[in-house]
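K.L.:
Residue numbers (the working numbering): 13 to 338. Sending over a structure as structure tokens; questions will come in a sec.
In structure tokens form, the structure reads like this:
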């Protein structure tokens with residue numbers, strides 16, 4: 013009888029052990045699935061990192077991108093558009109160009125050097141986000157950096173952050189370079205890429221916002237000179253990141269860059285010519301038509317550039333006599 017009881021107890025223990033083992037195995041499998049889902053979510057969230065200051069300055073070679081796109085379009089004239097493309101008026105004309113952009117062209121642009129730049133920028137971004145208490149975003153940067161570091165180029169062509177940087181570069185190409193002949197095609201290409209990758213809303217808003225930004229741009233003023241006598245109100249900022257500040261201002265629809273090869277400054281004029289900006293390595297100077305306009309402009313600059321600038325002083329100077337040739 014005792015032997016029988018021992019066998020029964022042993023059988024019950026074995027049954028319990030197997031049950032516990034199965035439960036641990038299930039929990040482990042569940043944790044692995046949850047971990048996999050979390051990493052997948054963080055990969056898709058990596059597109060948001062493109063807006064962080066460490067990555068906002070990253071862009072593929074715009075000149076190479078434009079030359080390659082123009083060559084492809086010239087060799088495949090059927091893909092050139094002569095009218096705007098929208099969600100309600102789409103076309104298959106661009107299918108070949110879309111494929112070329114996301115495969116052959118992106119392979120040319122995504123060099124080892126550029127990948128290293130992405131990794132370094134993500135490391136800096138990760139560190140800053142952790143320091144300011146944005147733990148979740150810092151973890152996204154960590155996971156993104158780790159995956160990009162161990163991935164080959166072919167795998168990176170489909171990475172959401174790499175695609176986002178490519179679309180940002182195409183955006184800059186459209187807005188900054190002379191491409192009037194191919195403008196409809198470039199805009200259509202960007203629209204198709206954003207739609208296909210479900211980035212339109214986060215990138216620019218809705219279709220109306222896309223049209224406003226890329227199709228309904230106001231013509232740049234034909235300025236030959238800027239008379240600072242008409243802009244006596246001045247403000248001075250400490251500039252901590254000149255490339256970021258210049259890029260941020262350049263993205264605003266109502267600012268246009270003033271070309272001046274002889275100057276060391278980046279210069280911008282507002283659409284209504286009531287505000288003129290000079291950006292040096294460590295200074296941002298505002299010239300405005302009045303103190304009221306200047307005060308509004310100071311607030312606007314602080315909102316646009318945030319912690320990248322620091323207000324120093326303002327003055328009303330009626331003695332300024334300086335002209336800048338365009």
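We put the CB at the ideal spot given by N, CA and C, even for glycine.
Given residue 69, which residues of its chain have a CB within under 7 Å of its CB, disregarding the five upstream and five downstream residues?
P.N.:
On the chain shown, residue 69 is found 57 positions in, with the first residue counted as 1. Result list for residue 69: 255, 256, 259, in chain order.
K.L.:
Can you list, in chain order, the residues of its chain with a C-beta nearer than 7 Å to that of residue 306? Leave out the 5 residues immediately preceding and following it.
P.N.:
In the chain shown, counting from the first residue as 1, residue 306 sits at position 294. Excluding positions up to five away in sequence, the list reads 245, 247, 298, 300, 326.
K.L.:
Going by C-alpha distance, which of 302, 71, 108 is nearest residue 241?
P.N.:
Within the chain shown, numbered from 1, the residue matching residue 241 stands at position 229. Of 302, 71, 108, the residue nearest in Cα terms is 302.
K.L.:
Which same chain residues end up closer than 6 Å to residue 182 when comparing Cβ atoms and leaving out the 5 residues on each side of it in sequence?
P.N.:
Here residue 182 refers to the residue found at position 170 of the chain shown. Counting only Cβ-Cβ distances below 6 Å, and skipping sequence neighbours, we find 202.
K.L.:
What is the DSSP secondary structure of residue 261, reduced to helix, strand or coil?
P.N.:
Here residue 261 refers to the residue found at position 249 of the chain shown. Note: residue 261 maps to helix in three-state DSSP.
K.L.:
In angstroms with no decimal places, state the Cα-to-Cα distance between residue 342 and residue 178.
P.N.:
Given that the chain is displayed from residue 13 to residue 338, the structure contains no residue 342 and the question cannot be resolved.
K.L.:
Which of the three DSSP states is assigned to residue 41 in this structure?
P.N.:
By 1-based counting over the chain shown, the position of residue 41 is 29. Residue placement at residue 41 cannot be trusted, given a pLDDT of 49 that sits under 50; what the coordinates show is reported in the next sentence. In this structure, residue 41 counts as helix in the three-state DSSP scheme.
K.L.:
Count the other CB atoms, across all protein chains shown, that sit within 10 Å of the CB of residue 251; report buried if there are 16 or more and exposed otherwise.
P.N.:
Translated into positions along the chain shown, residue 251 becomes position 239. By the 10 Å Cβ count, residue 251 comes out buried.
K.L.:
What residue does the beta strand (DSSP E) around residue 281 start on, and which one ends it?
P.N.:
Walking along the chain shown from the start, residue 281 turns up at place 269. Counting along the chain, the beta strand (DSSP E) containing residue 281 begins and ends at 278-282.
K.L.:
Using three-state DSSP, classify residue 81 as helix, strand or coil.
P.N.:
The residue given as residue 81 occupies position 69 in the chain shown. Helix at residue 81.
K.L.:
Please return the same chain residues whose Cβ sits closer than 8 Å to the Cβ of residue 40, not counting the five positions on each side in sequence.
P.N.:
Indexing the chain shown from 1 puts residue 40 at position 28. Unreliable placement is indicated for residue 40, whose pLDDT of 47 sits below 50; the coordinate value is still reported in the next sentence. Taken in chain order, the list of residues that qualify is empty.
K.L.:
By the three-class DSSP mapping on this structure, what secondary structure does residue 233 have?
P.N.:
As a first step, residue 233 must be located in the chain shown, where it is residue number 221. Annotation note: pLDDT 49 at residue 233 (below 50); position unreliable, coordinate value reported separately. Here residue 233 sits in coil by DSSP.
K.L.:
For residue 128, count neighbouring C-beta atoms within 10 Å of its own C-beta (all shown protein chains included) and say buried if the count is 16 or more, exposed if not.
P.N.:
By 1-based counting over the chain shown, the position of residue 128 is 116. When all chains shown are included, residue 128 counts as exposed.
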